[in-house]
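First the structure, in the form of structure tokens, and then the observations on it.
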Amino acid sequence: MIKALLLIFLLFTQFVFATERRGDILVDANILKKQNPEKIILDGEVYADLNNDNLIDTIKYSYSVSPPPTACVSEDCVKKNELSSNPILTFDIFLNGSDTEISGNYMCQYIGILKTTHNEMKDIFCGPSYILEWSGSDYVLKN
Numbered sequence: 097m098i099k100a101l102l103l104i105f106l107l108f109t110q111f112v113f114a115t116e117r118r119g120d121i122l123v124d125a126n127i128l129k130k131q132n133p134e135k136i137i138l139d140g141e142v143y144a145d146l147n148n149d150n151l152i153d154t155i156k157y158s159y160s161v162s163p164p165p166t167a168c169v170s171e172d173c174v175k176k177n178e179l180s181s182n183p184i185l186t187f188d189i190f191l192n193g194s195d196t197e198i199s200g201n202y203m204c205q206y207i208g209i210l211k212t213t214h215n216e217m218k219d220i221f222c223g224p225s226y227i228l229e230w231s232g233s234d235y236v237l238k239n
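Sequential numbering from 97 applies to the sequence shown in our numbering.
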């Protein structure tokens, strides 16, 4: 009986922590690729309240079927570049009720909004292990 309760508790806490960390994925480059196999690039918008002001902000994204090519001088770099064929998303954020535009200077596999915040802005989930935090002036990759 105690083992069963412990197992249920552990399963529940893993679910809670996973939900807390991930938050809501708004757009996924791999899903866009499956839904639009003929598209090389695609622009779109998703919406979320990023600064907890109860106004919905706009995230305009650009999808690309693959990242831009990298300038390589070594054979190892060429091999890594060939393996890097996953679709990507870039984005800009437009805060509702202001003229503020925030450029997302990252190539992401996902754009998701986390429940955690930094400097009064929600963190952004950018990929399998990439979280962007608001520095007060722009989003930076979490160390």
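Quick reminder that beta carbons are idealized off the backbone N, C-alpha and C, glycines included. Keep in mind the model is a prediction, meaning the values are calculated, not measured.
Quick one: Cα of alanine 144 to Cα of isoleucine 155, how far?
-> One C-alpha to the other measures close to 8 Å.
Give the DSSP-derived three-state secondary structure of asparagine 126 in the structure shown.
-> In this structure, asparagine 126 counts as helix in the three-state DSSP scheme.
Just how far apart, CA to CA, sit glycine 232 and phenylalanine 221?
-> It is roughly 17 Å from the alpha-carbon of glycine 232 to the alpha-carbon of phenylalanine 221.
Work out the CA separation of proline 164 and isoleucine 184 for me, nearest whole Å.
-> Using only the alpha carbons, I get a separation of about 9 Å.
Are valine 161 and isoleucine 207 closer than 8 Å when you measure CB to CB?
-> No, the pair does not count as a contact, with Cβ atoms beyond the cut-off.
Whose C-alpha, out of Ile137, Lys129, Gln131, Leu146, is nearest the C-alpha of threonine 212?
-> Nearest of Ile137, Lys129, Gln131, Leu146 to threonine 212, Cα basis: Leu146.
Are there 16 or more other CB atoms within 10 angstroms of the CB of leucine 128, so buried, or fewer, so exposed?
-> Buried is the call here.
Residue range of the unbroken beta strand (DSSP E) whose run includes asparagine 201 | For asparagine 201, the enclosing beta strand (DSSP E) stretches over residues 197-204.
Integer-rounded CB distance, given that tyrosine 159 should sit under 8 Å from isoleucine 137 = About 6 Å separates the beta carbons of isoleucine 137 and tyrosine 159, which is inside the 8 Å limit, making them a contact pair.
Name the two residues that bound the continuous beta strand (DSSP E) containing serine 158.
-> Its beta strand (DSSP E) spans residues 153-160.
Go ahead and label phenylalanine 189 buried or exposed: buried means 16 or more other beta carbons lie within 10 angstroms of its beta carbon, across all protein chains shown.
-> For the record, residue 189 in the displayed sequence is isoleucine; it is not phenylalanine. Isoleucine 189 counts as buried, since at least 16 other C-beta atoms from the protein chains shown sit within 10 angstroms of its C-beta.
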